[in-house]
Ligand SMILES: Cc1cc2nc3c(=O)[nH]c(=O)nc-3n(C[C@H](O)[C@H](O)[C@H](O)COP(=O)(O)OP(=O)(O)OC[C@H]3O[C@@H](n4cnc5c(N)ncnc54)[C@H](O)[C@@H]3O)c2cc1C
């Protein structure tokens, strides 16, 4: 471990951690009110946002309304949504999408210049705004990165990994005074009047995930260590069909492929979904994910057969065709190997409608936040929307931040060498396998107890300086412990030993 004794200090008015839709939008809008510093772990484009395919849900079409969008969102959330937060999401969503278009986002339009709106599972109307077919996230990121880069009020620091929050305790309570970070390996303290956590999700705590490698759950762990309130961490959404390759992350095979008639086959070449659900391959996401998982456990690999589409697959799904072909798979002639994969975290740092956390001067926004809009299960394409809507609210609220920040008492500290990762990576891989085996799609009390115990052991093997692996472990522990506590199945949380939704858990949140 290399120790660096010189600690730099940066003073800023607003500090934003993360460069996905939530962080970039917050930084752009807050820069109208004062200097902003953005820290991001790798490059500005390294985020789940840049991977998003389907689009952004917003009631923009004829015959649609925020009320209908609200009903669909509440139904998906399985009675655990915060109805006020949902109201904000659906009412303010259309304006945010139009603003993004005005800022330069080239969304797909029909010949009359209106948004070309797609329809996704569990949406009662066509309301999915998309760009370049299935590359919406890249367009959102491109637009917001351009806005951030052109603002003279925003300082961007890449390869800047936040390690922990700086806290001040005074007569008004616990306040966040900024962060400790490692910028290109240098220890830096960034003192800020307000700090915004926009660190995204934690798919990387699972062996199989669609989330980028930066999604190690840092924000959840950092906030938890600081004593912020977190909730609903048992609710993880698993996507049923990621491309089953040895890569990390896994590429996504959109639901739309099943929508076009592709069928799921087990290792024996038998179609199994027809026996498991009346909607067969088009059953809800969690049902399909569970059934694929079950088949994998019983017979091995599972495949998605779209060969009946023939050459039309190539024109209907150009992006997915390219993904498959780059890996030597020809979807027009052979079935595509698929696996369920961790996709989205519904829980997180509890915030109010302005994105404020339980610690003064600390905000959370985007996937790391638990605003209450998703409840126990996220409606498809509501997460980019949440990022936009709540980032705007955070940026507005930041204006009122007082400038009388008490000076944080900072003791000497050091940054571990970030390239000394070999041993830590082995532990990280074990954490991810344990979470997949016992705390993923089908959970049971004995499995979760074993998971919690194994995580405890693995924690003892993490080297003191391996901060990212420590965060991975902490977030995994929060998920496993919450999953053990919730003795029912609801939304993204399925317990094989309690397969039904139970009235006594209705409206109850597991909170730290
Ligand atoms: C393959 C895929 C497809 C998806 N498709 C859709 C879709 O069609 N529609 C939809 O609504 N949602 C979709 N989602 C979900 C959606 O993309 C995310 O929920 C959303 O983009 C999260 O935005 P965010 O800004 O909160 O986080 P992210 O976009 O993940 O950004 C988090 C940022 O925080 C940084 N960071 C993390 N930890 C630290 C640290 N310690 N220090 C400094 N920086 C840090 C990361 O580097 C990153 O820049 C998809 C997700 C995936 C993975």
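In the working numbering, the protein residues as written are 6 to 517. Note that CB positions come from ideal geometry on N, CA and C, so glycine has one too.
Would you kindly check if the distance between the Cβ of residue 30 and the Cβ of residue 5 is under 8 Å? Because the chain here runs from 6 to 517, residue 5 falls outside it and cannot be looked at.
Skipping 5 residues on each side, what residues in its chain have a beta carbon closer than 6 Å to that of residue 413? 171, 173 and 182
Cα separation between residue 481 and residue 363? 22 Å
For the segment 124 to 156, which segments carrying the beta strand (DSSP E) assignment without a break, of at least 3 residues, lie completely within its bounds, in sequence order? Annotation: the segment 124 to 156 contains no complete segment of the beta strand (DSSP E) (minimum length 3 residues).
Could you give the distance in angstroms between the alpha-carbon of residue 103 and the alpha-carbon of residue 276? 43 Å
Do residue 62 and residue 384 have their CB atoms nearer than 8 Å? yes
C-alpha gap between residue 453 and residue 447, whole angstroms: 10 Å
Does the beta carbon of residue 45 fall short of 7 Å from some heavy atom of ligand 1? Yes, ligand 1 has a heavy atom inside 7 Å of this Cβ.
Only counting the same chain, and skipping five residues up and downstream in sequence, which positions put a Cβ closer than 6 Å to that of residue 319? 326
Jot down the residue ranges of each uninterrupted beta strand (DSSP E) in the segment 215 to 245, minimum 3 residues, whole runs only, in chain order. With a minimum length of 3 residues, no continuous beta strand (DSSP E) run stays inside the segment 215 to 245.
Is the beta carbon of residue 223 within less than 7 Å of some heavy atom of ligand 1? yes
How would you write the range of the beta strand (DSSP E) that residue 482 sits in, first residue to last? Looking at the DSSP string, residue 482 is not in any beta strand (DSSP E); the run it does join, the alpha helix (DSSP H), is 472 to 490.
CA-to-CA distance, residue 301 to residue 349, given in whole angstroms: When rounded, the distance between both Cα atoms is 22 Å.
Using a Cβ distance threshold of 8 Å, determine whether the segment 304 to 313 contacts the segment 138 to 153, with at least three qualifying pairs required. no
Measuring only the C-alpha atoms, how far is residue 2 from residue 13? Nothing can be reported for residue 2: it is not among the residues displayed for the chain, which extend from 6 to 517.
Quick one: complete alpha helix (DSSP H) runs, 4+ long, within the segment 15 to 82? Segments of the alpha helix (DSSP H) lying fully in the segment 15 to 82: 26 to 35 and 71 to 81.
With three or more C-beta pairs closer than 8 Å as the rule, is the segment 245 to 263 touching the segment 327 to 346? yes
In whole angstroms, what separates the C-alpha of residue 422 from that of residue 193? The predicted model places residue 422 with a pLDDT of 49, which falls under 50 and marks its position as unreliable; any figure quoted below should be read in that light. Whole-angstrom Cα-Cα distance: 14 Å.
Can you tell me the Cα-Cα spacing of residue 37 and residue 158, whole angstroms? 8 Å
Using only the heavy atoms of ligand 1, determine whether one of them is closer than 7 Å to the beta carbon of residue 475. no
With DSSP collapsed to three states, give me the class of residue 318. helix
What residue does the beta strand (DSSP E) around residue 178 start on, and which one ends it? 178 to 188
Cβ-based neighbour list, residue 109, same chain, cut-off 6 Å, excluding 5 preceding and 5 following: 148
For ligand 1, I want to know if residue 215 counts as a neighbour, meaning its beta carbon is within less than 7 Å of at least one of the ligand's heavy atoms. yes
Check whether the Cβ of residue 496 sits closer than 7 Å to any heavy atom of ligand 1, and report yes or no. no
Under the assumption that residue 26 contacts residue 392 (Cβ atoms under 8 Å), give the Cβ distance between them as a whole number of angstroms. 4 Å
Go ahead and label residue 424 buried or exposed: buried means 16 or more other beta carbons lie within 10 angstroms of its beta carbon, across all protein chains shown. In this prediction, residue 424 has a pLDDT of 41, which is less than 50 and means its spatial position is unreliable; what the coordinates show is noted afterwards. Exposed: under 16 other Cβ atoms inside 10 Å.
With a threshold of 16 other CB atoms inside 10 Å of the CB of residue 231, please say whether the residue is buried or exposed. buried
For residue 192, which residues does DSSP report across the bridge? 187
So, under 8 Å CB-CB, residue 279 and residue 272 are touching, yes? Tell me the CB distance rounded to an integer number of Å. Residue 279 to residue 272, Cβ: 17 Å. No contact.
Quick check on the DSSP output: the beta strand (DSSP E) that includes residue 412 runs from which residue to which? Where residue 412 is concerned, there is no enclosing beta strand (DSSP E), given that its DSSP letter is neither H nor E.
For residue 344, does the three-state DSSP call read helix, strand or coil? Strand at residue 344.
Taking its Cβ as the centre, do 16 or more other Cβ atoms sit within 10 Å of residue 511, making it buried, or is it exposed? exposed
Give me the Cβ distance between residue 53 and residue 256, rounded to the nearest whole Å; I'm assuming they're in contact under 8 Å. So it is not a contact: roughly 13 Å between Cβ atoms.
N- and C-terminal bounds of the alpha helix (DSSP H) containing residue 398: 387 to 403
Any heavy atom of ligand 1 closer than 7 Å to the Cβ of residue 60? yes
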